[in-house]
Amino acid sequence: MRVLSRQLAQWLLVLGLAVAPAVMAADVPRIAVASSLQFALTEIAKDFHNASGRQVILNMGSSGNFRRQIDQGAPFELFLSANEGYVQALHEAGKTRDAGVRYARGRLVWLQRKGLEEGREGEERPDSQMKEQSSSNAPLAAVKAAVQAWQADGSRARFALANPEHAPYGVAARQALAHEGLWDTSQPLQVQGENVAQAARFALSADTRGGLVAYSLACSPSLAGKSRYVLIPEAWHAPLHQRMALLPGAGETAEAFYAYLQSPPARQVFRDYGFAVPASDAP
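Quick note, the sequence shown lines up with residues -25 to -1, 1 to 258 if you use mature numbering (1 follows the signal peptide of the UniProt record, and there is no 0).
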(Lines of atoms letter the chains of each structure in order from A and count residues from 1; the text may use other names and numbers.)
(Lines give C-alpha, C1' and ligand atoms only; values in the text may rest on other atoms or scores of the structure.)
Protein backbone atom coordinates (compact mmCIF):
# COMPACT_ATOMS: atom_id res chain seq x y z
CA MET A 1 0.00 0.00 0.00
CA ARG A 2 2.98 2.29 0.35
CA VAL A 3 3.46 5.01 -2.25
CA LEU A 4 6.90 6.29 -3.13
CA SER A 5 7.66 9.62 -1.45
CA ARG A 6 9.23 10.84 -4.67
CA GLN A 7 5.91 10.45 -6.46
CA LEU A 8 4.09 12.26 -3.66
CA ALA A 9 6.57 15.11 -3.66
CA GLN A 10 6.15 15.51 -7.41
CA TRP A 11 2.39 15.68 -7.00
CA LEU A 12 2.66 18.30 -4.24
CA LEU A 13 4.90 20.41 -6.47
CA VAL A 14 2.31 20.19 -9.23
CA LEU A 15 -0.28 21.49 -6.77
CA GLY A 16 2.06 24.25 -5.62
CA LEU A 17 1.90 23.18 -1.99
CA ALA A 18 5.44 23.95 -0.84
CA VAL A 19 5.67 26.44 2.03
CA ALA A 20 8.38 27.70 4.34
CA PRO A 21 9.33 25.50 7.34
CA ALA A 22 8.29 28.25 9.79
CA VAL A 23 4.78 28.27 8.32
CA MET A 24 4.54 24.48 8.55
CA ALA A 25 5.62 24.47 12.20
CA ALA A 26 2.91 26.95 13.14
CA ASP A 27 0.15 25.36 11.06
CA VAL A 28 -0.86 21.89 12.32
CA PRO A 29 -4.60 21.57 11.69
CA ARG A 30 -7.05 19.30 13.46
CA ILE A 31 -8.94 17.11 11.03
CA ALA A 32 -12.29 15.50 11.92
CA VAL A 33 -12.17 12.01 10.44
CA ALA A 34 -14.88 9.35 10.29
CA SER A 35 -13.60 6.26 12.09
CA SER A 36 -14.15 4.09 9.01
CA LEU A 37 -11.07 5.92 7.68
CA GLN A 38 -8.89 5.01 10.66
CA PHE A 39 -6.30 3.02 8.72
CA ALA A 40 -6.57 4.69 5.31
CA LEU A 41 -6.20 8.25 6.65
CA THR A 42 -3.34 7.30 8.95
CA GLU A 43 -1.46 5.99 5.93
CA ILE A 44 -2.34 8.98 3.76
CA ALA A 45 -1.35 11.48 6.46
CA LYS A 46 2.00 9.74 6.88
CA ASP A 47 2.64 9.86 3.13
CA PHE A 48 1.63 13.52 3.08
CA HIS A 49 4.06 14.32 5.90
CA ASN A 50 6.92 12.39 4.31
CA ALA A 51 6.48 14.22 1.02
CA SER A 52 5.71 17.73 2.25
CA GLY A 53 7.02 18.01 5.81
CA ARG A 54 3.57 19.09 6.96
CA GLN A 55 1.67 17.49 9.80
CA VAL A 56 -2.02 17.11 10.53
CA ILE A 57 -3.78 15.92 13.68
CA LEU A 58 -6.36 13.25 12.93
CA ASN A 59 -9.30 13.10 15.33
CA MET A 60 -11.25 9.87 14.74
CA GLY A 61 -14.88 9.44 15.68
CA SER A 62 -18.44 9.11 14.45
CA SER A 63 -19.55 11.47 11.70
CA GLY A 64 -22.73 12.44 13.51
CA ASN A 65 -20.86 13.51 16.63
CA PHE A 66 -18.40 15.53 14.54
CA ARG A 67 -21.27 17.21 12.73
CA ARG A 68 -22.69 18.31 16.09
CA GLN A 69 -19.31 19.50 17.37
CA ILE A 70 -18.59 21.50 14.22
CA ASP A 71 -22.04 23.05 14.39
CA GLN A 72 -21.17 24.15 17.94
CA GLY A 73 -17.86 25.69 16.86
CA ALA A 74 -15.27 22.94 17.40
CA PRO A 75 -11.90 24.11 15.99
CA PHE A 76 -11.54 21.63 13.14
CA GLU A 77 -10.28 22.77 9.75
CA LEU A 78 -11.39 19.84 7.58
CA PHE A 79 -14.19 17.30 7.98
CA LEU A 80 -14.20 13.87 6.33
CA SER A 81 -17.64 12.36 6.88
CA ALA A 82 -18.84 8.82 6.24
CA ASN A 83 -22.27 10.26 5.42
CA GLU A 84 -22.31 13.09 2.92
CA GLY A 85 -25.59 14.31 4.39
CA TYR A 86 -23.75 15.66 7.43
CA VAL A 87 -21.45 17.78 5.25
CA GLN A 88 -24.41 18.98 3.21
CA ALA A 89 -26.28 19.99 6.37
CA LEU A 90 -23.26 21.92 7.65
CA HIS A 91 -22.89 23.64 4.29
CA GLU A 92 -26.54 24.71 4.34
CA ALA A 93 -25.93 26.15 7.81
CA GLY A 94 -22.91 28.13 6.58
CA LYS A 95 -20.44 25.99 8.55
CA THR A 96 -18.27 24.89 5.59
CA ARG A 97 -16.48 26.86 2.90
CA ASP A 98 -18.42 25.17 0.14
CA ALA A 99 -20.28 21.96 -0.64
CA GLY A 100 -17.06 19.95 -0.55
CA VAL A 101 -16.38 16.87 -2.64
CA ARG A 102 -17.37 13.23 -2.52
CA TYR A 103 -14.17 11.26 -1.94
CA ALA A 104 -15.32 7.64 -1.59
CA ARG A 105 -18.15 5.15 -1.30
CA GLY A 106 -17.90 2.60 1.49
CA ARG A 107 -19.11 -0.96 1.95
CA LEU A 108 -20.57 -2.81 4.91
CA VAL A 109 -19.33 -6.25 5.96
CA TRP A 110 -20.06 -8.93 8.51
CA LEU A 111 -16.78 -9.30 10.44
CA GLN A 112 -15.87 -12.08 12.85
CA ARG A 113 -12.71 -13.44 14.40
CA LYS A 114 -10.98 -16.46 12.95
CA GLY A 115 -12.03 -19.72 14.54
CA LEU A 116 -15.77 -19.10 14.31
CA GLU A 117 -17.66 -20.86 11.57
CA GLU A 118 -20.24 -18.61 9.91
CA GLY A 119 -23.78 -19.27 11.00
CA ARG A 120 -23.04 -21.56 13.97
CA GLU A 121 -24.05 -20.54 17.45
CA GLY A 122 -22.00 -21.16 20.55
CA GLU A 123 -18.89 -23.26 20.00
CA GLU A 124 -15.78 -22.24 18.12
CA ARG A 125 -15.10 -24.30 15.00
CA PRO A 126 -12.71 -24.20 12.05
CA ASP A 127 -13.79 -21.45 9.66
CA SER A 128 -12.72 -23.03 6.38
CA GLN A 129 -16.16 -22.35 4.93
CA MET A 130 -16.01 -18.64 5.65
CA LYS A 131 -15.53 -16.75 2.37
CA GLU A 132 -14.47 -13.17 1.75
CA GLN A 133 -17.43 -12.65 -0.54
CA SER A 134 -21.19 -12.68 -0.16
CA SER A 135 -22.06 -14.86 -3.15
CA SER A 136 -21.52 -18.19 -1.38
CA ASN A 137 -22.74 -17.33 2.12
CA ALA A 138 -25.83 -15.81 3.67
CA PRO A 139 -24.21 -12.59 4.95
CA LEU A 140 -26.26 -12.45 8.13
CA ALA A 141 -26.41 -16.17 8.88
CA ALA A 142 -24.75 -15.70 12.27
CA VAL A 143 -27.34 -13.10 13.28
CA LYS A 144 -30.21 -15.31 12.12
CA ALA A 145 -28.81 -18.25 14.10
CA ALA A 146 -28.37 -16.08 17.18
CA VAL A 147 -31.94 -14.78 16.97
CA GLN A 148 -33.29 -18.32 16.59
CA ALA A 149 -31.33 -19.48 19.64
CA TRP A 150 -32.52 -16.47 21.65
CA GLN A 151 -36.13 -17.18 20.75
CA ALA A 152 -35.78 -20.91 21.42
CA ASP A 153 -34.03 -20.98 24.78
CA GLY A 154 -33.00 -17.46 25.75
CA SER A 155 -29.30 -17.95 25.02
CA ARG A 156 -27.52 -14.76 24.00
CA ALA A 157 -24.94 -14.78 21.23
CA ARG A 158 -24.28 -11.07 20.85
CA PHE A 159 -23.07 -9.14 17.83
CA ALA A 160 -21.74 -5.63 17.32
CA LEU A 161 -22.65 -2.61 15.24
CA ALA A 162 -22.07 1.13 15.43
CA ASN A 163 -24.72 3.28 17.08
CA PRO A 164 -27.14 4.21 14.27
CA GLU A 165 -28.09 7.42 16.05
CA HIS A 166 -24.88 9.10 14.90
CA ALA A 167 -22.70 6.59 13.02
CA PRO A 168 -23.35 6.16 9.26
CA TYR A 169 -22.21 2.54 9.25
CA GLY A 170 -24.59 1.94 12.13
CA VAL A 171 -27.40 3.31 9.98
CA ALA A 172 -26.37 0.98 7.17
CA ALA A 173 -26.25 -1.95 9.60
CA ARG A 174 -29.76 -1.16 10.83
CA GLN A 175 -31.01 -0.98 7.24
CA ALA A 176 -29.37 -4.29 6.33
CA LEU A 177 -30.85 -6.01 9.37
CA ALA A 178 -34.27 -4.54 8.58
CA HIS A 179 -33.96 -5.76 5.00
CA GLU A 180 -33.64 -9.30 6.32
CA GLY A 181 -36.37 -8.84 8.95
CA LEU A 182 -33.85 -8.97 11.79
CA TRP A 183 -33.72 -5.45 13.21
CA ASP A 184 -36.46 -5.76 15.82
CA THR A 185 -35.80 -9.37 16.82
CA SER A 186 -32.03 -8.87 17.13
CA GLN A 187 -32.07 -5.80 19.38
CA PRO A 188 -31.61 -7.76 22.65
CA LEU A 189 -28.44 -9.23 21.13
CA GLN A 190 -26.87 -6.01 19.89
CA VAL A 191 -23.73 -4.43 21.33
CA GLN A 192 -23.46 -0.90 19.96
CA GLY A 193 -20.16 0.90 19.60
CA GLU A 194 -19.83 4.67 19.77
CA ASN A 195 -18.39 4.53 16.26
CA VAL A 196 -17.64 1.85 13.68
CA ALA A 197 -14.02 1.40 14.78
CA GLN A 198 -15.19 0.58 18.31
CA ALA A 199 -17.83 -1.74 16.83
CA ALA A 200 -15.05 -3.58 14.97
CA ARG A 201 -13.17 -4.08 18.24
CA PHE A 202 -16.33 -5.43 19.83
CA ALA A 203 -16.91 -7.71 16.82
CA LEU A 204 -13.53 -9.38 17.31
CA SER A 205 -13.82 -9.79 21.06
CA ALA A 206 -14.58 -13.08 22.76
CA ASP A 207 -17.91 -11.65 23.95
CA THR A 208 -19.54 -11.50 20.49
CA ARG A 209 -20.13 -13.63 17.43
CA GLY A 210 -19.02 -10.81 15.13
CA GLY A 211 -20.46 -7.58 13.87
CA LEU A 212 -21.48 -5.29 11.04
CA VAL A 213 -18.66 -2.85 10.32
CA ALA A 214 -16.86 -0.95 7.57
CA TYR A 215 -15.15 -2.93 4.82
CA SER A 216 -12.22 -0.49 5.05
CA LEU A 217 -11.47 -1.72 8.58
CA ALA A 218 -11.68 -5.38 7.56
CA CYS A 219 -9.15 -4.65 4.79
CA SER A 220 -6.52 -3.36 7.19
CA PRO A 221 -3.43 -5.54 7.74
CA SER A 222 -3.89 -5.32 11.51
CA LEU A 223 -7.29 -7.05 11.28
CA ALA A 224 -6.77 -9.28 8.26
CA GLY A 225 -4.66 -11.81 10.15
CA LYS A 226 -7.22 -12.44 12.87
CA SER A 227 -10.59 -12.06 11.16
CA ARG A 228 -12.88 -13.11 8.33
CA TYR A 229 -15.52 -11.04 6.61
CA VAL A 230 -18.49 -11.31 4.25
CA LEU A 231 -19.59 -8.35 2.15
CA ILE A 232 -23.17 -7.21 2.70
CA PRO A 233 -25.04 -6.62 -0.58
CA GLU A 234 -25.17 -2.91 -1.34
CA ALA A 235 -28.86 -3.21 -2.21
CA TRP A 236 -29.61 -3.92 1.46
CA HIS A 237 -28.83 -0.38 2.59
CA ALA A 238 -28.55 3.20 1.32
CA PRO A 239 -25.27 4.01 -0.46
CA LEU A 240 -22.44 4.98 1.89
CA HIS A 241 -21.38 8.08 -0.04
CA GLN A 242 -18.61 9.84 1.88
CA ARG A 243 -17.92 13.57 1.52
CA MET A 244 -15.35 16.01 2.84
CA ALA A 245 -15.22 19.79 3.10
CA LEU A 246 -12.95 22.52 4.38
CA LEU A 247 -14.27 24.53 7.29
CA PRO A 248 -14.19 28.34 7.44
CA GLY A 249 -11.04 28.59 9.57
CA ALA A 250 -8.93 26.26 7.42
CA GLY A 251 -5.31 27.29 6.98
CA GLU A 252 -2.74 26.48 4.31
CA THR A 253 -1.86 23.02 5.60
CA ALA A 254 -5.52 21.96 5.77
CA GLU A 255 -5.98 23.28 2.24
CA ALA A 256 -2.91 21.36 1.11
CA PHE A 257 -4.11 18.15 2.75
CA TYR A 258 -7.57 18.58 1.24
CA ALA A 259 -6.00 18.91 -2.20
CA TYR A 260 -3.72 15.96 -1.57
CA LEU A 261 -6.66 13.75 -0.57
CA GLN A 262 -7.92 14.20 -4.14
CA SER A 263 -4.58 13.27 -5.73
CA PRO A 264 -3.88 9.96 -7.51
CA PRO A 265 -1.63 8.61 -4.70
CA ALA A 266 -4.27 9.24 -2.02
CA ARG A 267 -7.08 7.90 -4.18
CA GLN A 268 -5.11 4.68 -4.60
CA VAL A 269 -4.83 4.29 -0.83
CA PHE A 270 -8.61 4.65 -0.56
CA ARG A 271 -8.96 1.87 -3.13
CA ASP A 272 -6.48 -0.30 -1.25
CA TYR A 273 -8.78 -0.12 1.78
CA GLY A 274 -11.85 -1.22 -0.15
CA PHE A 275 -13.41 2.13 -1.00
CA ALA A 276 -14.90 2.89 -4.39
CA VAL A 277 -13.46 6.20 -5.57
CA PRO A 278 -15.53 8.56 -7.73
CA ALA A 279 -14.23 10.12 -10.93
CA SER A 280 -11.71 12.85 -10.21
CA ASP A 281 -14.06 15.51 -11.57
CA ALA A 282 -17.13 14.35 -9.59
CA PRO A 283 -18.85 17.07 -7.49
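No residue lacks a Cβ here, since even glycine has one placed at the ideal position from N, Cα and C. Note that this is a predicted model, so its numbers are computed, not measured.
- Around the Cβ of S238, a 10 Å sphere holds 16 or more other Cβ atoms; the residue is buried.
- In the three-state reduction of the DSSP assignment, H216 falls in the strand class, which pools E and B.
- According to DSSP, residue pairing for Y204 in a beta bridge involves L86.
- In the structure shown, F54 adopts extended strand secondary structure according to DSSP, grouped into three states.
- Looking from the CA of A234, the closest CA among D247, A175, R246, A220 belongs to A220.
- Relative to I32, the option among I19, S38, A26 whose CA is nearest is I19.
- Measuring C-alpha to C-alpha distances from S180 to each of Q126, Q165, R88 identifies R88 as the nearest.
- It is roughly 23 Å from the alpha-carbon of R29 to the alpha-carbon of Y248.
- If you check the CB distance, G39 and E140 come in under 8 Å.
- Less than 8 Å separates the beta-carbon of V205 from that of W85.
- Rounded to whole angstroms, the gap between the alpha carbons of T183 and R131 is 9 Å.
- Taking a cut-off of 8 Å for Cβ pairs, the region 124 to 138 and the region 207 to 222 do not touch, as fewer than three such pairs fall below it.
- Counting only runs of 4+ residues, the alpha helix (DSSP H) found wholly inside the region 119 to 201 occupies 143 to 154, 158 to 161, 171 to 178, 190 to 193, 196 to 199, in chain order.
- A direct Cα-to-Cα measurement between L152 and I45 gives close to 31 Å.
- If you draw a 10 Å sphere on the C-beta of S197, you find fewer than 16 other C-beta atoms in it, and that means exposed.
- Cβ contact annotation for A193 (same chain, cutoff 6 Å, sequence separation greater than five): V84, L86, Y204, in chain order.
- A straight-line Cα-Cα distance of about 47 Å links R5 and Q126.
- In the assembly as shown, P240 is a buried residue. Its beta-carbon has 16 or more other beta-carbons within 10 Å.
- It is roughly 8 Å from the alpha-carbon of S37 to the alpha-carbon of P143.
- With a cutoff of 8 Å on beta-carbon distance, S11 and S191 are scored as near each other.
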